[in-house]
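Notes to accompany the following structure.
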């Protein structure tokens, strides 16, 4: 990790509920045992907090916003999602793999451990592996996985960070592709999350889209999110809605016409109210 500024000061310690405190103790104990973290007395440390994550409940997150703001960004490209979604060619058979632990499988550069320091309720710790939340690990991990599947990319697999999609022209091809992919993962000590593994399905949700033999479709959950989006009341919140809606604009009939009044507002006014 290379910094473009000075280390940020100590972050605040967020208050935790009893349930979160229990989770924190379990997380620290588990990751000390794995060798993922170690105790640290540091002049800088990011605060740790919890958020609710779908399917797994409370999930620990380290607030690395300040250290990220002075970190030189990784140069390895992570391809835009809309480009990755164009390679399936209406394939009829898919398998989906989410990698377990992902960034934690990469050893952080020796000497950089203190940059990952986090302050919890009980003490301070630093990571020995790449943690989630920093800007540097995603390009590094993408580089690793792309190297493993370099000759299969866009032919048999599409990889976006820790999400791997296998696609084949037939079930017969698919049963030969899958062992090849799994054996490469095993050889590199990468493992799938059993709870999220999908095998030989005709349609699957990938990167917010439904992928099938019919091509790409918009997921129902995303469609409902657009329909239920609160009406923007000022110029500050409108761009957030348009960025989200633009990503799915291809699936909405006459989309450009439908949003023309909103884009006009952006161009002409600095403040407005919608009734």
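Residue numbers (full-length UniProt numbering): 1 to 275.
Beta carbons are placed, not taken as given, at the ideal position from N, Cα and C, and that holds for glycine.
Because the structure is a prediction, the values reported are computed rather than measured.
Beta-bridge partners of residue i, as assigned by DSSP
i           : result
residue 167 : 94
residue 48  : 62
residue 39  : 125
residue 99  : 192
residue 289 : Nothing about residue 289 can be read from this structure; the chain reaches only from 1 to 275.
residue 12  : The partner list for residue 12 (beta bridge, DSSP) is empty, contrary to what the question assumes.
residue 153 : 157
residue 255 : According to DSSP, which records beta bridges pairwise, residue 255 is partnered with nothing at all.
Residue span of the alpha helix (DSSP H) that contains residue i, given as start and end
i           : result
residue 240 : 238-247
residue 140 : 137-148
residue 27  : 18-34
Limits of the beta strand (DSSP E) - the one that residue i falls within
i           : result
residue 199 : 198-201
residue 226 : It is not in any beta strand (DSSP E) - residue 226 instead sits in the alpha helix (DSSP H) that spans 220-227.
residue 214 : No beta strand (DSSP E) contains residue 214, which DSSP labels as neither H nor E.
residue 127 : 124-127
residue 160 : 157-160
Backbone CA spacing between residue i and residue j [nearest angstrom]
i           : j           : result
residue 40  : residue 219 : 44 Å
residue 173 : residue 156 : 10 Å
residue 265 : residue 253 : 21 Å
residue 72  : residue 170 : 44 Å
residue 166 : residue 97  : 8 Å
residue 61  : residue 140 : 20 Å
residue 47  : residue 17  : 15 Å
residue 152 : residue 228 : 40 Å
residue 221 : residue 51  : 21 Å
residue 187 : residue 23  : 32 Å
residue 57  : residue 20  : 11 Å
residue 236 : residue 12  : 28 Å
residue 105 : residue 206 : 23 Å
Cut-off 6 Å between Cβ atoms - residues of its own chain near residue i, not counting five sequence neighbours on either side
i           : result
residue 90  : 213 and 215
residue 193 : 98 and 100
residue 64  : 46, 133 and 134
residue 260 : none
Chain-order list of residues whose beta-carbon lies under 8 Å from that of residue i (same chain, five-residue window excluded)
i           : result
residue 93  : 167, 168, 169, 170, 171, 173, 174, 200, 201 and 202
residue 128 : 35, 36, 37, 38, 107, 108 and 113
residue 154 : 87
residue 271 : Confidence in residue 271 is poor, its pLDDT being 49 and thus under 50, which makes the residue's placement too unreliable to answer from.
Residues near residue i by beta carbon distance below 7 Å, same chain, minus five either side
i           : result
residue 27  : 60
residue 204 : 94, 96, 198 and 211
residue 148 : 184 and 188
Notebook entry, point to check: Per the contact definition of three or more C-beta pairs closer than 8 Å, is the segment 123-133 in contact with the segment 152-165?
Noted result: no
Next item on the list: Specify whether the segment 112-126 and the segment 25-39 touch according to this definition: at least 3 beta carbon pairs, one from each stretch, less than 8 Å apart.
Entry: These segments touch.
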